[in-house]
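Residue numbers (this note's numbering): 363 to 635.
Positions of the beta carbon are idealized from the N, C-alpha and C atoms, including for glycine.
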Amino acid sequence: MELRQPSSLADVDGGLPLAGGTEVVPLLRDGLVEAETLVDIRAVVPKGVSGTTIGAGTLLAELEADPEIPSALREACRLAASPQLRSMGTIGGNLLQATRCWYWRLKYPCFLHGGSTCHARQGEHREHAIFGNEQCASAHPSDPAAALLAVGATVRTDRRELPIGELYRLPTEDDRNVTALEPGELILELEVPRPEASHYLKAMDRARWAFPLVGVAAARFGDGVRLALAGVAPIPWALDSADALEQATPLPGTAYKVELARPLIRRALDAIA
Ligand SMILES: Cc1cc2nc3c(=O)[nH]c(=O)nc-3n(C[C@H](O)[C@H](O)[C@H](O)COP(=O)(O)OP(=O)(O)OC[C@H]3O[C@@H](n4cnc5c(N)ncnc54)[C@H](O)[C@@H]3O)c2cc1C
Ligand code: SF4
């Protein structure tokens, strides 16, 4: 395998992007992705926070300590992974991490891998989805993505700008990807509005180093409130209101997530009131 280390965006010419490598290296090791060329993008993707702009190469460890960013995003970064992973992992890589569904990670030929069946729906699915789970019941693992969705962030790539809600898409028969990025498209920056108040709460199996069973992000802009959830659908999930939780379609083993989400939503809304 070839490792390229371009020094400018103009020098990037295909290949699999490598940022902190905390996700891409295990995926390569386990044969879940294949690449002839790895492109170390650390020198070409912006880093750091400037006003409302966050470079996609900024580390989660930097964001969790930055008083200027919305508190929901700061808290979502602080509660993600472990200190070691947050010292390597970037926000851009975090948004593009793959599902933790054990069937997918064990290379079962499931719907998301291009097959016709979701093994989790019939099998073990305690950590899986309660929304958008008809064909793939995986649960999106990113805490920061839910926070960014709640504050209405915009993603700037090397080709376009798009609201973060449009970065993600449910997998379909025709396209099993869960993001709308084109091959080779790089996330460069995030434009993150400043809500008047925001909050992130996370239910997890352990107090540290655990993916969200349910994460709830809430943000208030004037009289308007935006809610988004992590760990409940194959993509970060926006909720129109707290009542919209009742439209969940849990599987037998994920019904408890509805009960977990309800008080978290109430507490997050109280926190930003
Ligand atoms: C044990 C463990 C526990 C974790 N727990 C949590 C958790 O609780 N909550 C949570 O939110 N996350 C969690 N994570 C995920 C972790 O936060 C991510 O692995 C990390 O943020 C990824 O960043 P990276 O820079 O290392 O990405 P990489 O591994 O370098 O890349 C990840 C993916 O994104 C692509 N990529 C990276 N940057 C860009 C870019 N700028 N443009 C286009 N493509 C890009 C890569 O090609 C690859 O496909 C956990 C990870 C592990 C291993
Ligand atoms: S939940 Fe998605 S990733 Fe997991 S087995 Fe079903 S189709 Fe595959």
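Please go through the same chain and pick out, in chain order, the residues whose beta-carbon is closer than 8 Å to the beta-carbon of G393, but skip the five residues on each side of it.
Around G393: K469.
Have a look at R570 and Q446 and give me their C-alpha separation to the nearest angstrom.
Looking at the two C-alpha atoms, the distance is approximately 12 Å.
Between S323 and ligand 2, is the CB less than 7 Å from at least one heavy atom?
Residue 323 lies beyond the stretch modelled for the chain, which goes from 363 to 635, so this question has no answer here.
Would you list, in sequence order, the uninterrupted beta strand (DSSP E) runs of no fewer than 3 residues that lie entirely inside the stretch 540–607?
Qualifying beta strand (DSSP E) stretches, in chain order: 549–553, 559–565, 576–583, 586–592 and 599–601.
Using DSSP's beta-bridge definition, name the partner residues of P614.
Answer by DSSP bridge pairing: none, since P614 is not bridged.
Nearest to S504 (by Cα), restricted to the options A482, E437, R522 and T479
Proximity to S504 across A482, E437, R522 and T479 peaks at E437, based on C-alpha coordinates.
Does L365 pass the burial test, meaning 16 or more other C-beta atoms within 10 Å, or should it be called exposed?
When all chains shown are included, L365 counts as exposed.
Can you grab the Cα-Cα spacing for the pair D537 / D520, in whole Å?
Cα to Cα, D537 sits roughly 22 Å from D520.
Mind checking P471: buried by the 16 CB within 10 Å criterion, or exposed?
Exposed: under 16 other Cβ atoms inside 10 Å.
Could you tell me the boundaries of the alpha helix (DSSP H) in which V513 lies?
Counting along the chain, the alpha helix (DSSP H) containing V513 begins and ends at D505 to V513.
Using C-beta distances below 7 Å, list every residue in its chain close to G417, excluding the 5 sequence neighbours before and after it, in chain order.
V407, P408, K409, G410 and E551.
What do you reckon, are the CB atoms on A565 and P557 nearer than 8 Å?
Not in contact: A565 and P557 (Cβ atoms no closer than 8 Å).
Quick one: complete beta strand (DSSP E) runs, 3+ long, within the stretch 372–424?
With a minimum length of 3 residues, the continuous beta strand (DSSP E) runs that stay inside the stretch 372–424 are 378–380, 399–402 and 415–417.
So, for G615: in the same chain, excluding its five sequence neighbours on each side, which residues have a beta-carbon less than 8 Å away from its beta-carbon?
Correct list, in chain order: E486, H487, R488 and H490.
Residue from T384, F583, R404 and P506 whose Cα sits closest to the Cα of L371
When each option's Cα is compared against that of L371, the closest is R404.
R522 classed as buried or exposed, judged by whether at least 16 other C-beta atoms fall within 10 angstroms:
With fewer than 16 other Cβ atoms within 10 Å, it is exposed.
Relative to the C-alpha of P466, which residue among N456, P379, T479 and M450 is closest?
The sequence given here places Trp at residue 466; Pro does not occur at that position. For W466, the nearest C-alpha among the options comes from T479.
Cα-Cα separation between E535 and G494, rounded to whole angstroms
Taking the straight line joining both Cα atoms gives about 14 Å.
Going by DSSP in three states, Y530 sits in which element: helix, strand or coil?
If DSSP states are grouped into helix, strand and coil, Y530 belongs with the strands.
Taking R391 as the reference, which of M363, L474 and I526 has the closest Cα?
Closest by alpha carbon: M363.
If you draw a straight line from the C-alpha of N539 to the C-alpha of H481, how long is it?
For N539 and H481, the distance between alpha carbons rounds to 18 Å.
Classify E523 as helix, strand or coil using the three-state DSSP reduction.
Under the three-state reduction of DSSP output, E523 falls in the strand class.
Use the C-beta contact count for P596: other C-beta atoms within 10 angstroms, 16 or more gives buried, fewer gives exposed.
So P596 counts as buried.
Please determine whether the Cβ atom of I549 lies at a distance below 7 Å from any heavy atom of ligand 1.
Yes.
Output needed for G419: all residues of its chain with C-beta closer than 7 Å, excluding positions within five of it in sequence on either side, in chain order.
Excluding residues within five positions, the ones whose Cβ falls inside 7 Å are A381, R404, V407, P408, K409, T452 and G454.
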